[in-house]
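Quick notes on the structure that follows.
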Amino acid sequence: MKQVLVMLAVVLTSCSLLHAEVTGQEPSYGDRLVVGTIGEPTVLIPMLASDSASHDVSGLCYNGLLKYDTDLTLIGDLAESWEVSADGRIITFHLRKNVRWEDGVEFTARDVEFGFNTIVNPETPTAYAEDFRQVVKFEILDSYTFKVTYEKPFSPALTSWGNLIVLPRHLLEGKNITKNDLTRKPLSLGPFSFREWSAGEKIVLQANKTYFEGRPYLDSYIYRFIPDGATLFLELQAGNIDLMSLTPLQYTRQTDSEYFKTHFQKFRYPQFTYVYMAFNFLHPWFQDKRVRQAIAHAIDKQEIIDGVLLGLGEQATGPYVPNTWPYNPNVKKYDFNLEKARELLSQAGWRDTDGDGILDRDGKPFEFSVLVGMGNSVRLNTATIIQWRLQQIGIKMNIRVLEWSTLINEFIDKRRFEAIILGWSIGLDPDQYDIWHSSKTGEKQLNFISYKNPEVDLLLEQGRRVFALEERKKIYYRLQEILAEDVPYIFLYVPSSLPIVSSRIQNIQPAPIGISYNLPKWFVPKKLQKNTPVP
Amino acid sequence: MVRAKKTPKKHTGALTAMLIHLAKRLLAMLPVVIGVTLISFLIIHLAPGKPTDVMTELNPKITPEARARLEKYYGLDKPIMVQYGLWLKRIALFDFGNSFSSDSRPVIDKIWDQKQPLLDRRLSVTVIINLVSMLLIIAIAIPAGVYSATRPYSFGDRVSTVIVFIGFATPAFWLSLLMMMLFSVKLGWLPISGLKSLTYAAMGPWEQVLDKTLHLVLPVFVSAFGGIAGMSRYMRSSMIEAMGNDYITTARSKGLSERTVIYKHALRNALLPLVTILGLSIPGLIGGSVIFETIFGIPGMGQLSYQAIMTRDYPVVMGILTISAFLTMLGNLAADICYAFVDPRIRVK
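Keeping their order, the protein sequence lines are chains A and B.
All the letters of the first sequence, read from the start, carry residue numbers 17 to 551 under the working numbering.
All the letters of the second sequence, read from the start, carry residue numbers 22 to 370 under the working numbering.
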């Protein structure tokens, strides 16, 4: 793990002169952080929200029972500790004592129980109930201890005990969860408390002076929504925004000036997503492994990264982020080799018999369509590069751009596609049962390519039954080996997160998990503070 | 040309007739509104995707039962005509329903939030910006058109023609970004986006007014820009046509000053077609709000409708469409009334 961190530290870049000059300063209280984003939160009760903006803001008001450490292992947050029974079916949580809601009421196991009952209630419109439905019994042992029993051991469930079920029972009991003041005005027990939400403009949070880990250094946190990306960037340039995410083009070119170098610090780390090209296994041509492998050999991943992401990404070799614990670096890799690709295709019976430059078999030319979602120019450009490379080995690939809902409802759900370029965001738990298990090929289910491999099924089942990290690691390492050999997807790249932060802000310590995990510890040295507190 | 003032009795008669006419027109709006909502309702439901997609699509944690539960929760499992019927029933009681987005707020609260000051509510923001930009269009386009028409093919006319064509050809979003770069980033005179500064709450009342005005300068200018170009062309041609009429020759031969000829005789007649065109431009202005409110980050109805359409938030989309349709028809009605005022020939007898 240490090695992993060192490697990452090399990848992460921080380039601020000012930053270098004043580091080592004493932390001081004051100033504010203005975060700029495109999306506006919809609701500030975590279990009801399905957009990242809502979770960004509510995550600063509600802590979870558990959280991820900088190296992506699970550690306690509101739960001081937890035990898993020998058979893996029972988890006992011990809560931190003396944690208080903003209004002075103590946070106890009763609050968690309330949150749990709310999320499993069929009347609650939430997308996160399934992990909690696996719980057959929820028992409170005392105010600070509770025990949950699962029917079968279910290790991915551990991560679900985050902030989804942390709610103030004393304010919500007996109320409709979707229609109460807390949806737009959370009561905090986290580092920041809610102050104001002006629809279409901003949300203002204020340092929670009674936060159990000590009040944050920053006085306030302002979340501004500006739907247009270009406008957002101009606001950054004018100094009205302290933090935003950059596009690769903004990162490499538009923020390359002296002005940006002195006034901002840029960071870079892998996003928890990967982009892939998937084949439909119901299509006879793609059932042949050699064909899939041939296409893998004809794609130069680095060329795509350099071309469409301006180099700001990493090659993907499997469904995990490089340098995280489930990631297996030693799987079969397909070097860019057009000769080898041609050879494999020829073995599979694809030859150019009529001399038109396109391979054929049984009188049919090798021509297929790849589907791409509309408005995603990065993926469209990826498809174009692949199209050009496949042409060189005699495969004609057409690109079809489709509006997102049409793509999902009319093509993916109905299995009407040959190949597709899509991305998955990767949860922090390595369980991938829903994506690869052969039982998940039904309508609307996520193994939409209809991939079936008995060993993969077995591994996926085992993986969610064991808790020990080393054991799980072995299972998921093997899973990646099989996926690399079988090539159900061609894993293309993991794009980078590219946040930029004003150089006033100190003590940002990039880690594999990102930068915002220690936000309460960020500060602005007294002499750099420019904003008077918001009244 | 001058209205009948001598006989008050006749005047009240005309007024009653006018009111009856108005009432008839208002009543006639009802079937149109219903027609508009029916078509809109069908179209947005025909578009692929559902409001629950945000939560359920490609989400590993969703089972088919959970999906069905969510669809039932939002009433999406019923046939579309039943859904429309239910919507219409609620709308008859002025209830726009609750948003399908995860905040489940009443639609009316989103468009017309009673907790906000009157001028900060989304509908007011959009209406105000559109009204101001309409006034700006009138204030600039009419003199510009008259200027060009009275000196056709002169240097000034050619310059204004060139400007007008540039105005026509300039995309609003591009112009907005250029203006932001110049006036906000380089010169620092105007704020870039939003409606208020972060320090707004700490300001005095006059500072607040100034702050908001400064925030509105660029959006109003951009939304009026295309309109000014178009309207000044209409004004020019309409004025040239009016200047060629016999009554202008008559006026001139009576020995009236050129000023009186132009402003009293020609301009009045040239304004008539403009009233119609202004009325017709209302839907375009409301539609334009979607674009500039998104670019400038202005919390108005246009921005809301953009978000609602993207997330298939049917009740909000329907609410906004109904209000926009109503506003458009109201605008046309206002144009008709103005018409009656400026042109006694079409006034009801």
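Just so you know, even glycine gets a beta-carbon here, dropped at the ideal spot from N, CA and C.
Keep in mind it's a predicted model, so treat the numbers as computed, not measured.
- For residue 246/B and residue 187/B, the rounded distance between their alpha carbons: The residue labelled residue 187/B in the question sits at position 166 within the second sequence. The residue labelled residue 246/B in the question sits at position 225 within the second sequence. In this structure, the CA atom of residue 187/B is about 10 Å from the CA atom of residue 246/B.
- Query: If the cut is a Cβ gap below 9 Å, which residues of chain B does residue 243/A touch?
  - Reply: Reading the first sequence from its first residue, position 227 is the one you call residue 243/A. Going along chain B in sequence order, the residues near residue 243/A (Cβ under 9 Å) are 314, 315, 316, 318, 324, 327, 328.
- Cβ-based neighbour list, residue 145/A, same chain, cut-off 7 Å, excluding 5 preceding and 5 following: The residue you call residue 145/A lines up with position 129 of the first sequence. Result list for residue 145/A: 135, 136, in chain order.
- Query: Does the region 470–488 of chain A come close enough to the region 295–313 of chain A to have 3 or more Cβ pairs within less than 8 Å?
  - Reply: no
- Answer with yes or no whether the minimum CB distance from residue 332/A to chain B is below 8 Å. Against the first sequence, residue 332/A aligns to sequence position 316. With 8 Å as the cut-off, residue 332/A does not count as an interface residue toward chain B.
- Name the DSSP bridge partner or partners of residue 98/A? For the purposes of this step, residue 98/A is identified with residue 82 of the first sequence, where counting begins at 1. Answer by DSSP bridge pairing, in chain order: 109/A.
- Sequence-distant residues of the same chain with beta carbon closer than 6 Å to residue 98/B, five excluded per side: As a first step, residue 98/B is located in the second sequence; it is residue number 77 there, counting from the start. Excluding positions up to five away in sequence, the list reads 92.
- Distance, Cα to Cα, residue 38/A vs residue 529/A? Reading the first sequence from its first residue, position 22 is the one you call residue 38/A. Reading the first sequence from its first residue, position 513 is the one you call residue 529/A. Any answer about residue 38/A is weak, because its pLDDT of 46 lies below 50 and its placement is not dependable; what the coordinates show is given next. About 25 Å.
- Message: From the DSSP secondary-structure annotation, give me the bridge partner or partners of residue 2/B.
- Response: No statement about residue 2/B is possible, as the shown extent of chain B runs from 22 to 370 and does not include it.
- Message: Could you tell me the alpha carbon to alpha carbon distance between residue 364/B and residue 152/B, rounded to whole angstroms?
- Response: Position 343 of the second sequence, counting from 1, holds the residue named residue 364/B. Position 131 of the second sequence, counting from 1, holds the residue named residue 152/B. C-alpha separation (whole angstroms): 23 Å.
- Interface residues of chain A around residue 94/B at Cβ under 7 Å? Taking the first residue of the second sequence as 1, we reach residue 94/B at position 73. Simply 141.
- Message: Quick check: the Cα distance between residue 237/B and residue 134/B, rounded to an integer number of angstroms?
- Response: Along the second sequence, one-based indexing puts residue 237/B at 216. Along the second sequence, one-based indexing puts residue 134/B at 113. So the two alpha carbons sit approximately 21 Å from each other.
- Message: On the CB-based measure, 16 or more other CB atoms within 10 Å of its CB, does residue 174/B come out buried or exposed?
- Response: In the second sequence, counting from the first residue as 1, residue 174/B sits at position 153. With fewer than 16 Cβ atoms within 10 Å of its Cβ, residue 174/B is classed as exposed.
- Item | Interface partners of residue 350/B on chain E, CB under 8 Å | Protein chains in the displayed structure are A and B, and chain E is not among them.
- Query: Going along chain B in order, which residues have a C-beta closer than 7 Å to the C-beta of residue 195/A?
  - Reply: Reading the first sequence from its first residue, position 179 is the one you call residue 195/A. Those within 7 Å of residue 195/A in chain B are 125.
- Query: Going along chain A, which residues have a C-beta under 8 Å from residue 225/B?
  - Reply: In the second sequence, residue 225/B corresponds to position 204, counting from 1. Neighbours of residue 225/B on chain A: none; closest Cβ ~13 Å, over 8 Å.
- Distance CB(residue 334/A)-CB(residue 324/A) smaller than 8 Å: Start at 1 with the first residue of the first sequence, and residue 334/A comes out as number 318. Start at 1 with the first residue of the first sequence, and residue 324/A comes out as number 308. No, they are not a contact pair.
- Message: Along the region 99–111 of chain B, where does the CB come closer than 7 Å to a CB of chain A? Name the residues.
- Response: none
- Measure the Cβ-Cβ separation of residue 163/B and residue 248/B and say whether it is below 8 Å. Counted from its first residue, the second sequence places residue 163/B at position 142. Counted from its first residue, the second sequence places residue 248/B at position 227. No, the pair does not count as a contact, with Cβ atoms beyond the cut-off.
- Query: Can you list, in chain order, the residues of its chain whose CB lies under 7 Å from that of residue 205/B, leaving out five sequence neighbours each side?
  - Reply: Taking the first residue of the second sequence as 1, we reach residue 205/B at position 184. Closer than 7 Å at the Cβ level, and outside the excluded window around residue 205/B, lie 211, 212, 213.
- Message: Assuming residue 496/A is part of the alpha helix (DSSP H), what are its boundary residues?
- Response: Start at 1 with the first residue of the first sequence, and residue 496/A comes out as number 480. Looking at the DSSP string, the run of the alpha helix (DSSP H) that includes residue 496/A is 485–502.
- DSSP on residue 38/A, reduced to helix/strand/coil? Working through the first sequence from its first residue, we reach residue 38/A at position 22. Because residue 38/A sits at a pLDDT of 46, beneath the cut-off of 50, its placement in the model cannot be relied upon, and the following sentence gives the value as read from the coordinates. Correct three-state label for residue 38/A: helix.
- Task: Could you name the residues of the region 251–264 of chain B whose beta carbon sits closer than 8 Å to any beta carbon of chain A, in the order they occur along the chain?
- Result: none
- Item | Enclosing alpha helix (DSSP H) for residue 346/B [first to last residue] | Against the second sequence, residue 346/B aligns to sequence position 325. Residue 346/B -> alpha helix (DSSP H) spans 335–363.
- Message: Using the Cβ count rule (16 or more neighbours within 10 Å means buried), how would you classify residue 119/B?
- Response: As a first step, residue 119/B must be located in the second sequence, where it is residue number 98. So residue 119/B counts as buried.
- Between the region 230–262 of chain A and chain B, which residues of the former have CB atoms less than 9 Å from a CB of the latter, in chain order? Within the region 230–262 of chain A, the residues whose Cβ lies closer than 9 Å to some Cβ of chain B are 238, 240, 241, 242, 243, 244, 246, 247, 248, 250, 251, 253, 254, 256, listed in chain order.
- Taking the alpha carbon of residue 498/A as the point to measure from, which residue in 349/A, 437/A, 510/A has its own alpha carbon closest? As a position in the first sequence, residue 498/A is number 482, starting the count at 1. Answer by Cα proximity: 349/A.
- Task: With a floor of 3 residues, list each beta strand (DSSP E) that falls wholly inside the region 313–390 of chain A, ordered by position along the chain.
- Result: Residue ranges of uninterrupted beta strand (DSSP E) with 3 or more members, entirely inside the region 313–390 of chain A and ordered along the chain, are 329–331, 383–389.
- Item | Cβ-based neighbour list, residue 172/A, same chain, cut-off 6 Å, excluding 5 preceding and 5 following | The count along the first sequence starts at 1 and reaches residue 172/A at position 156. Excluding positions up to five away in sequence, the list reads 445, 447, 480.
- Query: Shorter than 8 Å from the beta carbon of residue 551/A to some beta carbon of chain B?
  - Reply: As a working mapping, residue 551/A is identified with position 535 in the first sequence. Because residue 551/A carries a pLDDT of 43, less than 50, the predicted location of this residue cannot be relied on, and no value is offered for it.
- Out of 521/A, 220/A, 544/A, 423/A, point me to the one whose CA is closest to residue 538/A's CA. Walking along the first sequence from the start, residue 538/A turns up at place 522. For the residues 521/A, 220/A, 544/A, 423/A, the minimum Cα distance to residue 538/A belongs to 521/A.
- Query: Closest to residue 503/A by CA distance: which of 293/A, 356/A, 158/A, 398/A is it?
  - Reply: Residue mapping note: residue 503/A aligns to position 487 of the first sequence, counting from 1. The residue among 293/A, 356/A, 158/A, 398/A with its C-alpha nearest the C-alpha of residue 503/A is 293/A.
- For residue 222/A, which beta-bridge partners are listed by DSSP? Within the first sequence, numbered from 1, the residue matching residue 222/A stands at position 206. Per DSSP, 209/A, 236/A.
- Test item: CB-CB of residue 307/A and residue 364/A under 8 Å: Here residue 307/A refers to the residue found at position 291 when the first sequence is read from its first residue. Here residue 364/A refers to the residue found at position 348 when the first sequence is read from its first residue. Cβ distance < 8 Å, so residue 307/A and residue 364/A count as in contact.
- Message: Give me, in chain order, the residues of the same chain whose beta-carbon lies closer than 7 Å to that of residue 48/B; leave out the 5 immediate sequence neighbours on both sides.
- Response: Within the second sequence, residue 48/B is the residue found at index 27, counting from 1. Once the five neighbours on either side are set aside, residue 48/B has no close Cβ partner at all.
- Query: In three-state terms, what does DSSP make of residue 202/B?
  - Reply: On the second sequence, position 181 is the one that residue 202/B refers to. Helix.
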